[in-house]
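Number of protein chains: 2
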Amino acid sequence: MSQEPQRALADFRIRIQGHLTDYLAQQTQYLGDIGSELIPVAEAINSFLLDGGKRLRPLFAYAAYLAAGGSDDDHVIRAVASLELLQACALIHDDLMDASDTRRNKPSMHRHFENIHATDDLSGSASTYGASTAILLGDLALVWSDQMLHASGISDAALLRSLVLHDEMRIELMAGQFLDIHEQALTSTSVARSLKIARYKSGKYTIERPLHLGVHLAIADPQKRKIYLDIFSEFGLPLGEAFQLRDDLLGVFGDPTTTGKPAGDDLREGKRTVLMAMTHDRADARQEGVIARYFGESDLDSHGVDALRTVISDTGAREHVEDLIEKLTLTALDALGRDEIDASAHALLSELASIAIRRSL
Amino acid sequence: MSQEPQRALADFRIRIQGHLTDYLAQQTQYLGDIGSELIPVAEAINSFLLDGGKRLRPLFAYAAYLAAGGSDDDHVIRAVASLELLQACALIHDDLMDASDTRRNKPSMHRHFENIHATDDLSGSASTYGASTAILLGDLALVWSDQMLHASGISDAALLRSLVLHDEMRIELMAGQFLDIHEQALTSTSVARSLKIARYKSGKYTIERPLHLGVHLAIADPQKRKIYLDIFSEFGLPLGEAFQLRDDLLGVFGDPTTTGKPAGDDLREGKRTVLMAMTHDRADARQEGVIARYFGESDLDSHGVDALRTVISDTGAREHVEDLIEKLTLTALDALGRDEIDASAHALLSELASIAIRRSL
Numbered sequence: 001m002s003q004e005p006q007r008a009l010a011d012f013r014i015r016i017q018g019h020l021t022d023y024l025a026q027q028t029q030y031l032g033d034i035g036s037e038l039i040p041v042a043e044a045i046n047s048f049l050l051d052g053g054k055r056l057r058p059l060f061a062y063a064a065y066l067a068a069g070g071s072d073d074d075h076v077i078r079a080v081a082s083l084e085l086l087q088a089c090a091l092i093h094d095d096l097m098d099a100s101d102t103r104r105n106k107p108s109m110h111r112h113f114e115n116i117h118a119t120d121d122l123s124g125s126a127s128t129y130g131a132s133t134a135i136l137l138g139d140l141a142l143v144w145s146d147q148m149l150h151a152s153g154i155s156d157a158a159l160l161r162s163l164v165l166h167d168e169m170r171i172e173l174m175a176g177q178f179l180d181i182h183e184q185a186l187t188s189t190s191v192a193r194s195l196k197i198a199r200y201k202s203g204k205y206t207i208e209r210p211l212h213l214g215v216h217l218a219i220a221d222p223q224k225r226k227i228y229l230d231i232f233s234e235f236g237l238p239l240g241e242a243f244q245l246r247d248d249l250l251g252v253f254g255d256p257t258t259t260g261k262p263a264g265d266d267l268r269e270g271k272r273t274v275l276m277a278m279t280h281d282r283a284d285a286r287q288e289g290v291i292a293r294y295f296g297e298s299d300l301d302s303h304g305v306d307a308l309r310t311v312i313s314d315t316g317a318r319e320h321v322e323d324l325i326e327k328l329t330l331t332a333l334d335a336l337g338r339d340e341i342d343a344s345a346h347a348l349l350s351e352l353a354s355i356a357i358r359r360s361l
Numbered sequence: 001m002s003q004e005p006q007r008a009l010a011d012f013r014i015r016i017q018g019h020l021t022d023y024l025a026q027q028t029q030y031l032g033d034i035g036s037e038l039i040p041v042a043e044a045i046n047s048f049l050l051d052g053g054k055r056l057r058p059l060f061a062y063a064a065y066l067a068a069g070g071s072d073d074d075h076v077i078r079a080v081a082s083l084e085l086l087q088a089c090a091l092i093h094d095d096l097m098d099a100s101d102t103r104r105n106k107p108s109m110h111r112h113f114e115n116i117h118a119t120d121d122l123s124g125s126a127s128t129y130g131a132s133t134a135i136l137l138g139d140l141a142l143v144w145s146d147q148m149l150h151a152s153g154i155s156d157a158a159l160l161r162s163l164v165l166h167d168e169m170r171i172e173l174m175a176g177q178f179l180d181i182h183e184q185a186l187t188s189t190s191v192a193r194s195l196k197i198a199r200y201k202s203g204k205y206t207i208e209r210p211l212h213l214g215v216h217l218a219i220a221d222p223q224k225r226k227i228y229l230d231i232f233s234e235f236g237l238p239l240g241e242a243f244q245l246r247d248d249l250l251g252v253f254g255d256p257t258t259t260g261k262p263a264g265d266d267l268r269e270g271k272r273t274v275l276m277a278m279t280h281d282r283a284d285a286r287q288e289g290v291i292a293r294y295f296g297e298s299d300l301d302s303h304g305v306d307a308l309r310t311v312i313s314d315t316g317a318r319e320h321v322e323d324l325i326e327k328l329t330l331t332a333l334d335a336l337g338r339d340e341i342d343a344s345a346h347a348l349l350s351e352l353a354s355i356a357i358r359r360s361l
């Protein structure tokens, strides 16, 4: 792979970071003017957003914008950077729902405010304070993402086009999140159901819809837009599923120093992923016994993690998921062969695809 | 008071209800197409939204729209009806944060899904399932409110004007909610702090900002708009504070059949309202003892509720809050005396003011 797309992505990432920094500085000032009690709120979102993240969603959106004929424009960078605030909402609420203690090797938002409750010697329940603050901070991040998009400085026409798509993307995200929560509460597993959740929760939201947002920002003509929307569905949907499957594997086999989560965290949480559904489908009685004993144990130690990892590998589920990721990725990359995607857009999108599905984060 | 504004408000209320019904029917279909598991989600928001509520925020917005020269327009009704979905988000998340069991005499959203968990014999923790679902349904209601506004059919120019105001309103709401959560965790009380929370959490969000939204929907010219925005700040801010103070009184003295909450619910929750801050300021040692014993006791019985009510009345705090409501309301109504507000707008806004601060709901 040439260095060129990597350099371009690094440049975009810096500009995305710059816009997020500016926006959050303005908002911190705004909240501070309402009351100094709000400074820790602004600081927590600042630190959450500025210390980590690959900026995948803004990068996919911007790459699609350029591929669809948009010219380099800082206002568009600002518009797509808003997706990071939406993602912050999803992660803050997700960590609270999953009772996760860490995110990017730091305390998750509700734990952070639990700690503040203790440090500042506040009254009442620390865990209620942490949970309530995380609910509100997620809501605030969701509203901020809207405001950052609305005030990005893109043309009125581009903004109006993007609103429809943006709303639909967010509804799909919430629907996918609910399907996931509901799945965890069912007694049976199903590969088909887990794949559908992966599609809504991550596939569409993480890749296809950001790409579509970029297309809406670039193209006014509905017929021309339709051509690119279709190409990016063909590219984005399989790639999004591959991305979620990689995430499943990292949740079980990933290195904590790169995932930012404890080893085997998804096993401890009992997360009903496609990987686990495939493991169930292939497990013999003894292997089912191991799963029944360890999967979803909140105090699972490294011995239990290893036992489950062995079952997941021995059933062939791990390899099957790796194969599926490769197959989905090849299908995705095929879609970039269309004449409408020029060489530099092709290089940028391929590089992003390889970042999305790579084995370490 | 003439019957005319009451008839007009009743008509607007029916049209608001009609638009909410239509929108939710569309969204139920949309979610059902993603997965039948999502039908209970759509039904729960339907029932939450269509079975109750005075529609105060849409009515204030529409009254301001008409007062500022807008002509009767069903698209604008649809746009302002979206405020009910934003309010649904606030209430669903609020009930979860406060661990409230009931809303409008029915189970609150998290309790409703706790019950579904039990009825459907789902696995895992019912309370975690209820809490997670309530977080996601609040998020979904917030996104729906956006979508309903965006797709209301108002002109592009009106929509673009309204976005700025709409974003600011929602940020103020979340800031006010956090200040409220934080206040509950402090060991001291303060009338000044509680008044500020009342202003952000309810005053601006419930009355001033909906009025401003109506003005933005009606007026394109910034200078003319400014005149109406100022009038409606003069009217809306004191009225909003009066509204919150009435809410404080209802939370302590209100009749459960009209509040939809158990008697003395705010006392059981230990809610740090302006009313309670004033009670603290005026209480003698014996009365402080009663407060220390009963206030915030989660299993407070009717004896404890009566003891606290007696202290709140005996200190004079109740009467003082009633006086303050009257004073704030008179200040608000004064603002309607301006030439820019014609007789029919005056009648409509006065009627709404009296609904907002009336003693029973």
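Chains as they are written, first to last, in the UniProt record's numbering: chain A, 1 to 361; chain B, 1 to 361.
Positions of the beta carbon are idealized from the N, C-alpha and C atoms, including for glycine.
(message) Three or more C-beta pairs under 8 angstroms: does that hold for the region 13-21 of chain A against the region 75-95 of chain A?
(response) yes
(message) Given this structure, state the Cα-to-Cα distance separating B/HIS346 from A/HIS150, to the nearest angstrom.
(response) 34 angstroms
(message) Applying the 10 Å Cβ sphere with the 16-neighbour rule, what's the burial state of A/MET1?
(response) Reliability fails at A/MET1, whose pLDDT of 43 lies under 50, so the model's placement of it is uncertain and no value is given.
(request) Go ahead and pull the three-state DSSP assignment for A/THR189. (result) coil
(request) Kindly indicate the opening and closing residues of the alpha helix (DSSP H) around A/PRO210. (result) 209-218
(request) Report yes if the CB atom of A/ASP314 is closer than 8 angstroms to the CB atom of A/THR273, and no otherwise. (result) no
(request) For the alpha helix (DSSP H) holding B/TYR129, just list the boundary residues, first then last. (result) 126-150
(message) Can you confirm whether B/PHE178, when its beta carbon is compared against all beta carbons of chain A, has any partner nearer than 8 angstroms?
(response) yes
(request) Could you list the residues in the region 72-106 of chain A with a C-beta less than 8 angstroms from some C-beta on chain B, going in chain order? (result) CYS89, HIS93, LEU96, MET97 and ALA99
(message) Within a Cβ cutoff of 7 angstroms, which residues of the same chain sit near B/ILE312, ignoring the five residues on either side of it in sequence?
(response) VAL252, LEU275, THR279 and ARG318
(request) Identify whether A/LYS271 lies in helix, strand or coil by the three-state DSSP scheme. (result) coil
(message) Can you tell me whether A/ALA67 is buried or exposed? The criterion is at least 16 other CB atoms within 10 Å of its CB, across all chains shown.
(response) buried
(message) Looking at B/ARG246: is its Cβ nearer than 8 angstroms to the Cβ of B/ILE355?
(response) no
(request) With 9 angstroms as the C-beta to C-beta threshold (strictly closer), list the residues of the region 224-245 of chain B near chain A in chain order. (result) none
(request) Say whether chain B places a C-beta atom closer than 8 angstroms to the C-beta of A/SER321. (result) The residue you asked about is not Ser; residue 321 of chain A is Val in the sequence shown. Not closer than 8 angstroms to any Cβ of chain B, the Cβ of A/VAL321 fails to qualify, so no.
(message) For a quick check, are the C-beta atoms of B/ALA332 and B/LEU213 less than 8 angstroms apart?
(response) no
(request) Could you name the residues of chain B that A/LYS327 contacts, counting a contact when the two beta carbons are closer than 8 angstroms? (result) Neighbours of A/LYS327 on chain B: none; closest Cβ ~25 angstroms, over 8 angstroms.
(message) I want to verify the contact list: residues of chain B whose CB lies under 9 angstroms from the CB of A/ASP301, in sequence order.
(response) Within chain B, no residue comes near A/ASP301; the closest Cβ sits about 21 angstroms away, beyond 9 angstroms.
(message) On the CB-based measure, 16 or more other CB atoms within 10 Å of its CB, does A/GLN244 come out buried or exposed?
(response) buried
(request) Give me whichever residues DSSP pairs with A/PRO107 in a beta bridge. (result) A/THR102
(request) Leaving out five residues on either side along the sequence, give the residues of the same chain with a beta carbon under 8 angstroms from the beta carbon of A/LEU165. (result) ARG209, HIS212, LEU213 and HIS216
(message) Is B/HIS110 close to chain A? Criterion is C-beta to C-beta, closer than 8 angstroms.
(response) no
(message) Can you confirm whether B/HIS150, when its beta carbon is compared against all beta carbons of chain A, has any partner nearer than 8 angstroms?
(response) yes
(request) Closer than 7 angstroms, Cβ to Cβ, to anything on chain B: give me those residues from the region 129-150 of chain A, in chain order. (result) TYR129, SER132, THR133, ILE135, LEU136, ASP139, LEU140, LEU142, VAL143, ASP146, GLN147 and HIS150
(request) Round the Cβ separation of A/LEU300 and A/GLY264 to the nearest angstrom and send it over; I've been treating them as touching at under 8 angstroms. (result) 7 angstroms
(message) Quick check: the Cα distance between B/ALA220 and B/ASP323, rounded to an integer number of angstroms?
(response) 39 angstroms
(request) Can you have a look at A/LYS204 and say buried or exposed, based on whether 16 or more other CB atoms are within 10 angstroms of its CB? (result) buried
(request) Identify whether B/ALA298 lies in helix, strand or coil by the three-state DSSP scheme. (result) It should be noted that the sequence gives Ser, not Ala, for residue 298 of chain B. Of the three classes helix, strand and coil, the one that applies to B/SER298 here is coil, per DSSP.
(message) Suppose the cutoff is 7 angstroms on Cβ atoms and the five residues either side in sequence are ignored; what does the same chain contact list for A/ILE197 look like?
(response) GLY176, LEU179, ASP180 and GLU183
(request) Drop a sphere of 10 angstroms on the beta-carbon of B/LYS201, count the other beta-carbons inside from all chains shown, and report buried for 16 or more, exposed for fewer. (result) buried
(request) Can you give me, in chain order, the residues of the region 192-203 of chain B that have a beta carbon less than 8 angstroms from any beta carbon in chain A? (result) LYS196 and TYR200
(message) Are the CB atoms of B/SER123 and A/ALA277 within a distance shorter than 8 angstroms?
(response) no
(message) Our contact map puts A/VAL58 next to A/GLU351 with C-beta atoms below 8 angstroms; I'd like the distance itself, whole angstroms only.
(response) In the sequence as presented, Val is not what sits at residue 58 of chain A; that position holds Pro. Their Cβ separation, rounded to whole angstroms, is 15 angstroms, which puts A/PRO58 and A/GLU351 out of contact at 8 angstroms.
(message) Quick check for students: name the residue ranges of the alpha helix (DSSP H) that lie wholly in the region 229-255 of chain B, counting only runs of 4 or more.
(response) none
(request) Taking 8 angstroms as the threshold, find out whether the region 87-99 of chain B comes into contact with the region 128-139 of chain B through three or more Cβ pairs. (result) yes
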